[in-house]
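Colleague: Got a structure for you, written out below as structure tokens; questions coming shortly.
2 protein chains.
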Amino acid sequence: MTNIPNLNIVPFVSVDHMMKLVLSVGLDTFLRELADVIEEDFLRWEKFDKTPRIASHSEEGVIELMPTSDGALYGFKYVNGHPKNTKNGRQTVTAFGVLSDVGNGYPMLLSEMTILTALRTAATSAVAAKYLAREESRSMAIIGNGAQSEFQARAFKAILGVNQLRLYDIDSSASLKCQKNLEGQGFSITICKSAEEAVEGADIITTVTADKQCATILTDNMVGPGVHINAVGGDCPGKTELHRDILLRSDIFVEYPPQTRIEGEIQQLPQDHAVTELWQVMAGLVYGRNNERQITLFDSVGFAIEDFSALRYVRSKLAATGLYEELDLLADPDEPRDLYGMLLRCEAAMAGAPSLPMEKIL
Amino acid sequence: MTNIPNLNIVPFVSVDHMMKLVLSVGLDTFLRELADVIEEDFLRWEKFDKTPRIASHSEEGVIELMPTSDGALYGFKYVNGHPKNTKNGRQTVTAFGVLSDVGNGYPMLLSEMTILTALRTAATSAVAAKYLAREESRSMAIIGNGAQSEFQARAFKAILGVNQLRLYDIDSSASLKCQKNLEGQGFSITICKSAEEAVEGADIITTVTADKQCATILTDNMVGPGVHINAVGGDCPGKTELHRDILLRSDIFVEYPPQTRIEGEIQQLPQDHAVTELWQVMAGLVYGRNNERQITLFDSVGFAIEDFSALRYVRSKLAATGLYEELDLLADPDEPRDLYGMLLRCEAAMAGAPSLPMEKIL
Numbered sequence: 001m002t003n004i005p006n007l008n009i010v011p012f013v014s015v016d017h018m019m020k021l022v023l024s025v026g027l028d029t030f031l032r033e034l035a036d037v038i039e040e041d042f043l044r045w046e047k048f049d050k051t052p053r054i055a056s057h058s059e060e061g062v063i064e065l066m067p068t069s070d071g072a073l074y075g076f077k078y079v080n081g082h083p084k085n086t087k088n089g090r091q092t093v094t095a096f097g098v099l100s101d102v103g104n105g106y107p108m109l110l111s112e113m114t115i116l117t118a119l120r121t122a123a124t125s126a127v128a129a130k131y132l133a134r135e136e137s138r139s140m141a142i143i144g145n146g147a148q149s150e151f152q153a154r155a156f157k158a159i160l161g162v163n164q165l166r167l168y169d170i171d172s173s174a175s176l177k178c179q180k181n182l183e184g185q186g187f188s189i190t191i192c193k194s195a196e197e198a199v200e201g202a203d204i205i206t207t208v209t210a211d212k213q214c215a216t217i218l219t220d221n222m223v224g225p226g227v228h229i230n231a232v233g234g235d236c237p238g239k240t241e242l243h244r245d246i247l248l249r250s251d252i253f254v255e256y257p258p259q260t261r262i263e264g265e266i267q268q269l270p271q272d273h274a275v276t277e278l279w280q281v282m283a284g285l286v287y288g289r290n291n292e293r294q295i296t297l298f299d300s301v302g303f304a305i306e307d308f309s310a311l312r313y314v315r316s317k318l319a320a321t322g323l324y325e326e327l328d329l330l331a332d333p334d335e336p337r338d339l340y341g342m343l344l345r346c347e348a349a350m351a352g353a354p355s356l357p358m359e360k361i362l
Numbered sequence: 001m002t003n004i005p006n007l008n009i010v011p012f013v014s015v016d017h018m019m020k021l022v023l024s025v026g027l028d029t030f031l032r033e034l035a036d037v038i039e040e041d042f043l044r045w046e047k048f049d050k051t052p053r054i055a056s057h058s059e060e061g062v063i064e065l066m067p068t069s070d071g072a073l074y075g076f077k078y079v080n081g082h083p084k085n086t087k088n089g090r091q092t093v094t095a096f097g098v099l100s101d102v103g104n105g106y107p108m109l110l111s112e113m114t115i116l117t118a119l120r121t122a123a124t125s126a127v128a129a130k131y132l133a134r135e136e137s138r139s140m141a142i143i144g145n146g147a148q149s150e151f152q153a154r155a156f157k158a159i160l161g162v163n164q165l166r167l168y169d170i171d172s173s174a175s176l177k178c179q180k181n182l183e184g185q186g187f188s189i190t191i192c193k194s195a196e197e198a199v200e201g202a203d204i205i206t207t208v209t210a211d212k213q214c215a216t217i218l219t220d221n222m223v224g225p226g227v228h229i230n231a232v233g234g235d236c237p238g239k240t241e242l243h244r245d246i247l248l249r250s251d252i253f254v255e256y257p258p259q260t261r262i263e264g265e266i267q268q269l270p271q272d273h274a275v276t277e278l279w280q281v282m283a284g285l286v287y288g289r290n291n292e293r294q295i296t297l298f299d300s301v302g303f304a305i306e307d308f309s310a311l312r313y314v315r316s317k318l319a320a321t322g323l324y325e326e327l328d329l330l331a332d333p334d335e336p337r338d339l340y341g342m343l344l345r346c347e348a349a350m351a352g353a354p355s356l357p358m359e360k361i362l
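Sequence order for the protein chains is A and B.
Counted the way the working numbering counts, the first sequence spans residues 1 to 362.
Counted the way the working numbering counts, the second sequence spans residues 1 to 362.
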């Protein structure tokens, strides 16, 4: 871990700095390196404190806290999900996160995570597909062409070499936006008129729609043998994208079962339906894909450890790039037991005199 | 709630701004107004989502998240507790917090809360004593003269008129620091050689020590009739300050029973030992103090709603004082579904050209 002096000052990565960081590292490199850190942390999965995220639901959406710790570092993310936000020009999902030192409890990084979450979600999907999709997979259907779609495309290209995209969205302007954004980046792109058309011949199917209702984006007859399904959009209670019959035909891989059973596609199945933990596949403890006709499904909901990995990766880039500000977030009295004295000294400094009573300066 | 434009920009109150805010409002006024907001929120206690804080324990200490919501606003605090921190010049407790709009999930305030927690803890203690201590209480013993002690003294003076202090700490330099810091602020102060001496004749006994072990700061014979005990220091599993016999002789008042049973003095008692919720006393639903000989005990551990009140109060002061910075914490694409396009535009701006491939600029 890079050593940044003045531990009471917390490095802060703003949205602007995050964009510059991604661009200075290069998006492909950033996604590949981030994927490596995520793999590293998945391989030591058992070392982490794990808990389903703590959600505060309202009629309009949800606000969640996602903490985890590996015993040396502690991380958490704040993230909201408000499907109606786009109507008022706001993001459906925004996020920020903090990484701290378990030994003294001091935050070591505060970072925007709206962009970073998009990147870690895409990197995690691609890492899962590396273990689960057929090796020669080059074409991917992306159903739902909103804010996450281009990141998925870029991660699958950077990490797996996927370069043929078949896009579909109920709003065709979203597909056009996605196509335009990915222009000149080495993809062959087909915009499709239906989800059925999009999945034709695709090696991988990514579903990443945003509705907060049980929807059926994919029906059973649309999924052929050998396909890997990367189900990203269903991520809270009542929000699913796949028909239940697909789940019954698939081998299902998840991040953290207690959370996925609440939030993922498998909320449609009995609590004891067999699923495989992705980290166990990575660690070589269990098989991922056995054969060319098997349907594999990564039921992704996003887990705290991925955010921890992302914060850890971002922090490792700070010293070299300098792309952060210093935030005066933690009180730093000269004598730790003298927090009140710090106020008195601030008062004296403001008054330009050493001993005025506090109430009288302003 | 004050309207601050640019909802993607989050107002940030640094340590420096918090000190200036407290000093510009005036510490007494700040404590009184904060106490009023805390009372306001305790009076609508049933409207809040409540949960015991989410703790991540390690050998060195604890990191906690404390979320709550009243349905319109959501707040959470990050707080650590690391007793050994002072050895390395760090605070035992540091904190920061966020207030958000439940309707869209966007943060509306990020604030330091190390100083603010000290203020809200003291204000809450004083509010509790207003309902529980004898009316003519003017003298208070403070056992434990660390970072919280002066704030307790100032809050009890501002809100209840307590002006006689009897200080004791196992480290006499802490008592001297406390005395010096409170000089010229209208207190009559006695430094005592023992806890026994400190409690002699005190109307109120405040215990606010910092050890993370079961300690016995007060024994049964030290507590006379009519006293109000403000037990602040015991606030996590295994950390208590009072002998069990005192608890058995007292009427015990708590913030949120499920959390206090884990963290408070009452962790020494059976889970079904009767306690009274403070908000019910405030609301006039149950009695606080019945008679002049009753021993009342506020078993304070600090609850999320107090932090929520504190964040709400701080935010109400921002527009008038301007004591905040603007933090670029939330991504704000022109089109909410076009997060990736925001990256592309940043790239173009950095390159001074509109269409370079992302990897090639730097």
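Where a beta carbon is used, it is the ideal one built from N, C-alpha and C, also for glycine.
With distances taken Cα to Cα, identify the nearest neighbour of residue 25 of chain B among B/143, B/316, B/329.
Modeller: Of B/143, B/316, B/329, the residue nearest in Cα terms is B/316.
Colleague: For residue 325 of chain A, I'd like the list of residues in its chain whose CB is within less than 6 Å of its CB, leaving aside the five on either flank, ordered along the chain.
Modeller: So the list reads 12, once near-sequence residues are dropped.
Colleague: Identify the contact partners of residue 76 of chain B in chain A, using a Cβ-Cβ distance below 8 Å as the criterion.
Modeller: Going along chain A in sequence order, the residues near residue 76 of chain B (Cβ under 8 Å) are 65, 78.
Colleague: Nearest chain A C-beta to residue 19 of chain B closer than 8 Å, yes or no?
Modeller: Chain A contact via Cβ: present.
Colleague: With burial defined as no fewer than 16 other Cβ atoms inside 10 Å of the residue's Cβ, what is the status of residue 300 of chain B: buried or exposed?
Modeller: By the neighbour-count rule (16 or more Cβ atoms within 10 Å), residue 300 of chain B is buried.
Colleague: Since residue 108 of chain B meets chain A, which of its residues come closer than 8 Å, beta carbon to beta carbon?
Modeller: Within chain A, no residue comes near residue 108 of chain B; the closest Cβ sits about 12 Å away, beyond 8 Å.
Colleague: So which residues on chain A does residue 90 of chain B lean against when the C-beta distance must stay under 9 Å?
Modeller: Neighbours of residue 90 of chain B on chain A, chain order: 7, 8, 104, 105, 106, 330, 332, 336.
Colleague: Is the shortest distance between the beta-carbon of residue 352 of chain B and the beta-carbons of chain A less than 8 Å?
Modeller: No, residue 352 of chain B lies away from the interface with chain A (no Cβ there is under 8 Å from its Cβ).
Colleague: Determine, using beta carbons only, whether residue 321 of chain B and residue 253 of chain B come nearer to each other than 8 Å.
Modeller: It is not a contact, given that the beta carbons lie outside the stated cut-off.
Colleague: According to DSSP, residue 76 of chain A sits in a beta bridge with which residue or residues?
Modeller: Paired residues: A/67, A/98.
Colleague: Report the neighbours of residue 230 of chain A on chain B: residues whose CB is nearer than 8 Å to its CB, in chain order.
Modeller: Those within 8 Å of residue 230 of chain A in chain B number zero; the least Cβ separation is about 17 Å.
Colleague: For the segment 117 to 199 of chain A, which segments carrying the beta strand (DSSP E) assignment without a break, of at least 3 residues, lie completely within its bounds, in sequence order?
Modeller: Those beta strand (DSSP E) runs which fall completely within the segment 117 to 199 of chain A and span 3+ residues are 139 to 143, 164 to 168, 188 to 191.
Colleague: Find out if the Cβ-Cβ distance for the pair residue 120 of chain B, residue 255 of chain B is shorter than 8 Å.
Modeller: No.
Colleague: Under 8 Å between C-beta atoms, does residue 136 of chain B make it to chain A?
Modeller: No, residue 136 of chain B lies away from the interface with chain A (no Cβ there is under 8 Å from its Cβ).
Colleague: What does a CB cutoff of less than 7 Å around residue 163 of chain A pick up in its chain, not counting 5 residues either side in sequence?
Modeller: The answer, listed in chain order, is 138, 157, 186, 187, 188.
Colleague: For a test of the three-state rule: what should DSSP assign to residue 311 of chain B, helix, strand or coil?
Modeller: Three-state result, residue 311 of chain B: helix.
Colleague: So which residues of chain A does residue 161 of chain B contact, with C-beta pairs closer than 7 Å?
Modeller: Here the premise fails: no neighbours, minimum Cβ distance about 16 Å.
Colleague: Answer with yes or no whether the minimum CB distance from residue 202 of chain B to chain A is below 8 Å.
Modeller: By this cut-off, residue 202 of chain B is not an interface position.
Colleague: Do you know offhand how far residue 379 of chain A's Cα is from residue 216 of chain B's?
Modeller: Nothing in the structure corresponds to residue 379 of chain A, since chain A is present only between 1 and 362.
Colleague: From the DSSP output, read off the bridge partner residues of residue 109 of chain B.
Modeller: In DSSP, residue 109 of chain B forms a bridge with B/99.
Colleague: Counting only Cβ pairs nearer than 8 Å, list the residues of chain B close to residue 177 of chain A.
Modeller: Under the 8 Å cutoff, chain B gives 335, 337, 338, 341.
Colleague: Interface residues of chain B around residue 309 of chain A at Cβ under 7 Å?
Modeller: Within chain B, no residue comes near residue 309 of chain A; the closest Cβ sits about 17 Å away, beyond 7 Å.
Colleague: Helix, strand or coil: how does DSSP classify residue 239 of chain B here?
Modeller: Note: residue 239 of chain B maps to strand in three-state DSSP.
Colleague: Could you pull out every residue in the same chain whose Cβ sits closer than 7 Å to the Cβ of residue 184 of chain A, ignoring the five residues on either side in sequence?
Modeller: Around residue 184 of chain A: no qualifying Cβ.
Colleague: According to DSSP, is residue 215 of chain B part of a helix, a strand, or is it coil?
Modeller: Three-state result, residue 215 of chain B: strand.
Colleague: Within 8 Å (strictly less), CB to CB, does residue 22 of chain B reach chain A?
Modeller: Output row for residue 22 of chain B: interface = yes.
Colleague: Please look up how many angstroms separate the CB atoms of residue 205 of chain B and residue 221 of chain B, rounded, as I've assumed it's under 8 Å.
Modeller: That belief does not hold up - the Cβ atoms of residue 205 of chain B and residue 221 of chain B are roughly 13 Å apart, past 8 Å.
Colleague: Which first and last residues belong to the alpha helix (DSSP H) in which residue 51 of chain A is found?
Modeller: Taken as a continuous stretch (DSSP letters only), residue 51 of chain A belongs to no alpha helix (DSSP H), as it is neither H nor E.
Colleague: Buried or exposed: where does residue 273 of chain B fall if 16 or more other Cβ atoms within 10 Å of its Cβ makes it buried?
Modeller: When all chains shown are included, residue 273 of chain B counts as exposed.
Colleague: I'd like the list of long-range same chain contacts for residue 10 of chain A, defined as Cβ closer than 6 Å, with 5 residues on each side in sequence excluded.
Modeller: Hits under 6 Å: 107, 110, 327, 329.
Colleague: Compute the beta-carbon to beta-carbon distance between residue 116 of chain B and residue 310 of chain B, rounded to the nearest angstrom, for a pair I have assumed lies under 8 Å.
Modeller: So it is a contact: roughly 5 Å between Cβ atoms.
Colleague: Taking all protein chains shown into account, decide if residue 144 of chain B is buried (16 or more other Cβ within 10 angstroms of its Cβ) or exposed.
Modeller: Buried, because 16 or more other Cβ atoms sit within 10 Å of the Cβ of residue 144 of chain B.
Colleague: Pair every Cβ in the segment 50 to 61 of chain B with every Cβ in the segment 21 to 38 of chain B, then say whether three or more of these pairs are closer than 8 Å.
Modeller: Touching, no, given that fewer than three Cβ pairs across the two stretches are closer than 8 Å.
Colleague: Can you find the residues in the same chain that come closer than 6 Å, C-beta to C-beta, to residue 166 of chain B, ignoring five residues on each side of it along the sequence?
Modeller: For residue 166 of chain B, where only same-chain residues beyond five positions count, the Cβ hits under 6 Å are 141, 190, 192, 198, 202.
Colleague: Taking the straight line between their C-alpha atoms, what separation do you get for residue 269 of chain A and residue 242 of chain A?
Modeller: Taking the straight line joining both Cα atoms gives about 12 Å.
Colleague: Just checking residue 234 of chain B against the ligand FAD - is the residue's beta carbon closer than 7 Å to any of the ligand's heavy atoms?
Modeller: Of the ligands one can find in the structure shown there are none, so the ligand FAD has no counterpart to examine.
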